[in-house]
Amino acid sequence: MDKKTAEILLNVNHYDSPIDAYEDQLFKIRNYIFMHPVIPIVYKSKQKKIYQLEEAISHFGIAEKEPHKLELLPITGQHLLEKFVCYETNRSRIKTSLSQTLNAKNIAMGIDLLIDNLLKWSEELIHIDTSVAKQVPLSKELDVLTAHQLFKKHKTEMLDDYDDQLISEFKRIQTLASSMKN
Numbered sequence: 141m142d143k144k145t146a147e148i149l150l151n152v153n154h155y156d157s158p159i160d161a162y163e164d165q166l167f168k169i170r171n172y173i174f175m176h177p178v179i180p181i182v183y184k185s186k187q188k189k190i191y192q193l194e195e196a197i198s199h200f201g202i203a204e205k206e207p208h209k210l211e212l213l214p215i216t217g218q219h220l221l222e223k224f225v226c227y228e229t230n231r232s233r234i235k236t237s238l239s240q241t242l243n244a245k246n247i248a249m250g251i252d253l254l255i256d257n258l259l260k261w262s263e264e265l266i267h268i269d270t271s272v273a274k275q276v277p278l279s280k281e282l283d284v285l286t287a288h289q290l291f292k293k294h295k296t297e298m299l300d301d302y303d304d305q306l307i308s309e310f311k312r313i314q315t316l317a318s319s320m321k322n
């Protein structure tokens with residue numbers, strides 16, 4: 141990429157400086173991640189855009205430091221409720237890290253971690269039959285508090301079957317995970 145292409149990609153004509161243009165675009169991508177569920181193919185396209193922006197800003201003499209490495213906690217527990225809490229704890233830690241620094245490398249790492257976390261969660265769900273699940277849009281994630289309450293109800297009442305909403309969410313997660321394997 142040459143400097144002219146970098147200027148076009150960053151849209152520098154609409155900002156006071158290239159760094160303002162760069163930060164605004166990173167901010168928009170980071171906000172997208174905060175506000176939308178993990179859909180690996182969409183997140184990977186956002187990540188590709190981040191790498192292009194990082195390359196573009198380098199033409200203006202700006203280089204970013206490597207972010208602090210964040211490790212996913214293992215998804216463990218006797219019941220799916222505990223495993224779900226681990227999954228959500230990982231998501232929260234990743235998003236907290238993303239909120240602390242507006243940095244392309246940090247956002248790219250966060251995307252990788254969010255996708256890895258989703259894949260690890262999907263592995264915990266492979267034994268659940270979702271063949272009768274009501275299909276929901278991949279972008280329609282079950283609310284965290286609702287999911288937590290449904291898991292809690294299943295555990296405390298020792299129900300044999302999961303709530304239909306959870307089954308649909310499991311199907312959504314399994315579908316997203318399988319899309320990464322294809």
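Residue numbers for the sequence shown follow this note's numbering, beginning at 141 and rising by one. Note that beta-carbon positions come from the ideal geometry of N, C-alpha and C, so glycine has one too.
- Contact check for Ser319 against Pro177 fails: the beta carbons are separated by 8 Å or more.
- Taking C-beta atoms as the reference points, His294 and Asp303 count as a pair closer than 8 Å.
- Here Leu253 is not near Ile197, since their CB atoms are 8 Å or more apart.
- Around the beta carbon of Gly201, fewer than 16 other beta carbons lie within 10 angstroms, which makes this residue exposed.
- Annotation: Ala273 is outside any alpha helix (DSSP H) and is labelled neither H nor E by DSSP.
- Per the coordinates, the alpha-carbon of Val182 lies some 20 Å from the alpha-carbon of Glu228.
- The three-state secondary structure of Ser237, taken from DSSP, is helix.
- By the 16-neighbour rule on beta-carbons within 10 angstroms, Ala203 is exposed.
- Residue range 244 to 264 is occupied by the alpha helix (DSSP H) that includes Glu263.
- Taking 8 Å as the upper bound for CB-CB distance, Pro207 and Met249 are in contact here, some 5 Å apart.
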